[in-house]
Amino acid sequence: MTLRIYNTLTHRKEIFAPLSPGRVRMYVCGPTVYDSSHIGHARSVVVFDVVARYFRACGYEVTYVRNFTDIDDKIINRARELGMDTVSLSEKYIQEFYKDMDALNVQRATLEPRATQHIDDIQKVIQTLMEKGLAYESGGDVFFRVSRFDGYGKLSGRKPEDMLAGARVEVDQRKENPMDFVLWKSAKPGEPFWDSPWGKGRPGWHIECSAMSSRFLGETFDIHGGGKDLIFPHHENEIAQSEGAFGKPFARYWIHNGFVNINKEKMSKSLGNFVIIKDVVKAYHPEAVRLFLLSNHYRSPIDFSDQNMQEAGNALEKLYAAVNRMDETLENCPEPSNPPEDDLWTRFCDAMDDDFNTAQGIGILFDGVRTLNRILDEQQGLLSEETRNLVCSYRRDILKIGGILGILSQAPAVYFEGKKTEGLEKKSLSADSIEKLINDRKQARINRNWAEADRIRKLLEDMNVILEDRPGGTLWKIKNS
RNA sequence: GGCGGCAUAGCCAAGUGGUAAGGCAGCGGCCUGCAAAGCCGUUAUCCAUCAGUUCGAAUCUGAUUGCCGCCUCCA
Numbered sequence: 010m011t012l013r014i015y016n017t018l019t020h021r022k023e024i025f026a027p028l029s030p031g032r033v034r035m036y037v038c039g040p041t042v043y044d045s046s047h048i049g050h051a052r053s054v055v056v057f058d059v060v061a062r063y064f065r066a067c068g069y070e071v072t073y074v075r076n077f078t079d080i081d082d083k084i085i086n087r088a089r090e091l092g093m094d095t096v097s098l099s100e101k102y103i104q105e106f107y108k109d110m111d112a113l114n115v116q117r118a119t120l121e122p123r124a125t126q127h128i129d130d131i132q133k134v135i136q137t138l139m140e141k142g143l144a145y146e147s148g149g150d151v152f153f154r155v156s157r158f159d160g161y162g163k164l165s166g167r168k169p170e171d172m173l174a175g176a177r178v179e180v181d182q183r184k185e186n187p188m189d190f191v192l193w194k195s196a197k198p199g200e201p202f203w204d205s206p207w208g209k210g211r212p213g214w215h216i217e218c219s220a221m222s223s224r225f226l227g228e229t230f231d232i233h234g235g236g237k238d239l240i241f242p243h244h245e246n247e248i249a250q251s252e253g254a255f256g257k258p259f260a261r262y263w264i265h266n267g268f269v270n271i272n273k274e275k276m277s278k279s280l281g282n283f284v285i286i287k288d289v290v291k292a293y294h295p296e297a298v299r300l301f302l303l304s305n306h307y308r309s310p311i312d313f314s315d316q317n318m319q320e321a322g323n324a325l326e327k328l329y330a331a332v333n334r335m336d337e338t339l340e341n342c343p344e345p346s347n348p349p350e351d352d353l354w355t356r357f358c359d360a361m362d363d364d365f366n367t368a369q370g371i372g373i374l375f376d377g378v379r380t381l382n383r384i385l386d387e388q389q390g391l392l393s394e395e396t397r398n399l400v401c402s403y404r405r406d407i408l409k410i411g412g413i414l415g416i417l418s419q420a421p422a423v424y425f426e427g428k429k430t431e432g433l434e435k436k437s438l439s440a441d442s443i444e445k446l447i448n449d450r451k452q453a454r455i456n457r458n459w460a461e462a463d464r465i466r467k468l469l470e471d472m473n474v475i476l477e478d479r480p481g482g483t484l485w486k487i488k489n490s
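Quick note, the first sequence lines up with residues 10 to 490 if you use my numbering.
Given below as structure tokens:
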């Protein structure tokens with residue numbers, strides 16, 4: 010197995026080789042907790058959740074750090090607006106974040122530190138930068154001296170002199186150079202603060218990641234991730250801080266996920282098209298949301314729309330139906346003795362090894378489902394030992410792949426029952442009345458009164474209820490949408 | 001102005017040198033009392049346009065057009 014990762018730093022896919030054999034240390038920038046998380050956060054978190062799951066499945070021991078930025082201008086402003094203190098505000102949104110992520114079946118990171126828990130670490134890094142002449146104090150704030158750090162711009166591929174600094178934002182007159190950025194920000198009256206050698210204040214945005222990543226992962230570690238928008242200036246600044254302070258290479262592989270558009274438009278506050286996770290998981294099955302988010306390559310943009318979500322929902326249903334079918338066919342599934350050479354799992358891993366190509370991996374998953382359905386279609390009566398073995402191999406692989414993508418985590422029966430309950434609520438129907446009609450139809454069918462049977466079917470269909478006559482009886486489900 | 005990305009069927013989307021995965025929708029068929037589900041077949045002589053490299057390109061190179069992102073808080 011050779012995993013190749015597209016490294017933003019080198020603009021190439023590179024063979025992944027961890028710093029310590031068998032271990033992966035990764036750091037992903039988490040949210041600033043001043044508002045509800047949106048579908049864009051979901052993409053980033055789900056993508057890196059899958060990355061971590063895949064590494065673990067490949068046998069690596071993964072240390073995954075994802076931070077919470079819990080002190081920052083936006084938090085201060087929002088808290089003021091709401092008449093809250095910053096601690097309660099950030100706590101509220103951290104809890105909401107967890108709730109959203111649990112709903113999305115996201116596994117917790119190994120460590121989830123908060124900036125405010127590491128003020129000492131942050132100050133130590135700033136102190137080191139001061140000592141090295143890479144930082145300076147000016148008017149109560151401490152700035153990073155970009156001119157003294159060689160290689161500033163290497164991640165984002167831009168040269169300081171090319172950037173029209175201050176073109177869109179007024180340059181802080183206290184900076185020596187427009188590119189310099191704040192490491193420590195002095196507190197204005199009424200703002201939360203921590204004591205420091207430079208006076209009362211709070212950390213700048215970028216420094217927390219340098220401090221916490223070195224604390225938990227070391228000064229050099231394997232993977233650093235986040236949304237594409239963080240490449241500049243956030244990650245560029247992190248590199249400057251960490252490499253400046255520690256004199257060692259910072260993250261070795263940089264992974265950046267693309268944006269989520271809403272109906273082909275950029276999601277932004279001004280357009281008022283923010284899609285919040287808690288609303289999305291109400292409208293669609295959380296695993297459908299994951300399937301949707303993983304249906305494009307992680308670096309490409311993805312378009313959130315009702316149609317795309319609907320399709321993801323249909324796709325998920327098809328997967329559950331296949332698992333359900335296997336479960337009904339097989340009483341139990343022993344570990345397959347000799348799995349096929351080119352099995353699904355191997356093919357899935359090949360896709361994942363190519364820069365976490367989940368879109369291709371999902372294609373392989375469906376390929377497997379079709380093959381499996383074909384096998385089961387062709388089977389009459391009892392399965393031969395050979396077929397049984399094959400089906401078991403498919404079943405195991407499909408669920409294993411589901412385990413990486415974070416889908417198919419429910420028992421099919423639970424999934425379908427849940428869909429029903431939800432559908433009934435949405436359409437304001439009762440299961441009793443539906444089952445009564447199905448029973449009437451059953452009688453009509455026994456009497457070979459096809460006209461009546463079809464009338465009832467049509468009646469139910471108008472109520473968005475779809476029937477499925479199976480050998481064991483009639484199943485029903487609520488039509489999607 | 002600088003930097004970067006993308007353009008593949010009706011729609012979504014893989015494929016990045018060896019002759020177009022997969023999903024949704026459509027059509028034909030099998031199955032079914034009829035359906036549904038599932039399966040089979042079919043649906044791009046061709047991958048924005050033009051030129052070039054190559055035995056061979058959607059895949060590499062150059063140009064053109066269109067779209068998008070970043071350079072400001074942002075996943």
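Note that beta-carbon positions come from the ideal geometry of N, C-alpha and C, so glycine has one too.
What you are looking at is a predicted structure, and each value in this text was computed from that prediction instead of being measured.
Quick check on residue i: does DSSP put it in helix, strand or coil?
| i | result |
| --- | --- |
| S418 | coil |
| G281 | coil |
| A174 | Residue confidence for A174 is low, a pLDDT of 49 falling below 50, so the modelled location carries little weight; the figure read from the coordinates is stated next. A174: coil per DSSP, three-state reduction. |
| F158 | coil |
| L328 | helix |
| R123 | strand |
| F152 | strand |
| R383 | helix |
| K141 | coil |
| K486 | strand |
| L4 | Outside the shown range of the chain, which is 10 to 490, sits residue 4, and nothing can be said about it. |
| N16 | strand |
| V474 | strand |
| N323 | helix |
Suppose contacts are defined by Cβ-Cβ distances below 8 Å. Is residue i in contact with residue j by that definition?
| i | j | result |
| --- | --- | --- |
| A118 | V59 | no |
| H294 | E247 | no |
| H243 | W263 | no |
| V115 | V54 | yes |
| L325 | L300 | yes |
| I410 | L353 | yes |
| T338 | L391 | no |
| P122 | M188 | no |
| A331 | N266 | no |
| R379 | M335 | no |
| R34 | D231 | yes |
| F158 | K184 | no |
| V269 | G49 | yes |
| L468 | I443 | no |
Given a threshold of 16 other Cβ atoms within 10 Å of its Cβ, counted over all protein chains shown, does residue i qualify as buried or as exposed?
| i | result |
| --- | --- |
| G522 | Nothing about residue 522 can be reported from this structure: the residues present for the chain run from 10 to 490 only. |
| G175 | At G175, the pLDDT of 43 sits below 50, so the modelled position is not reliable; the number obtained from the coordinates is stated separately. Exposed. |
| Q316 | exposed |
| W488 | The residue asked about is misnamed: residue 488 is Lys in this sequence, not Trp. Looking at its Cβ environment, which holds fewer than 16 other Cβ atoms inside 10 Å, K488 is exposed. |
| D79 | buried |
| H20 | exposed |
| P8 | With the chain covering only 10 through 490, there is no way to say anything about residue 8. |
| E245 | buried |
| G253 | buried |
| P206 | exposed |
| T95 | buried |
| N16 | buried |
| A422 | exposed |
Please return the same chain residues whose Cβ sits closer than 6 Å to the Cβ of residue i, not counting the five positions on each side in sequence.
| i | result |
| --- | --- |
| R454 | A462 |
| S97 | none |
| S156 | N186 |
| V42 | F77, D79, S99, Y102 and I103 |
| R261 | D231 |
By Cβ distance below 8 Å, which residues in the same chain neighbour residue i in space, the five residues on each side in sequence not counted?
| i | result |
| --- | --- |
| E228 | S251, F255, K257 and F259 |
| R177 | Residue confidence is low: R177 scores 49 on pLDDT, short of 50, so the model does not pin down where it sits. Its coordinate-derived value is still stated next. Within the same chain, R177 has no close Cβ partners at all. |
| P310 | G267, F268, V269 and N270 |
Counting only the same chain and skipping the five closest in sequence on each side, list residues whose C-beta sits under 7 Å from that of residue i.
| i | result |
| --- | --- |
| K451 | T483 |
| E217 | N76, T78, A124, H127 and I131 |
| F283 | H47 and M276 |
| D449 | I465 |
| R6 | Because the chain spans 10 through 490 in this model, residue 6 falls outside it and cannot be assessed. |
| D363 | R13 |
Contained alpha helix (DSSP H) runs [length at least 4] in the stretch 23-90, N- to C-terminal order
48-66
Any chance you could list the alpha helix (DSSP H) runs of at least 4 consecutive residues sitting entirely within the stretch 431-470, in chain order?
DSSP runs (the alpha helix (DSSP H)) wholly in the stretch 431-470: 440-455.
Minimum length 3: unbroken beta strand (DSSP E) runs contained in the stretch 185-266:
Within the stretch 185-266, the complete beta strand (DSSP E) runs of at least 3 residues are 190-195, 210-212, 230-236 and 260-266.
Mind listing, in chain order, the continuous alpha helix (DSSP H) runs of no fewer than 4 residues lying wholly within the stretch 347-378?
Whole alpha helix (DSSP H) segments, 4+ residues: 353-362.
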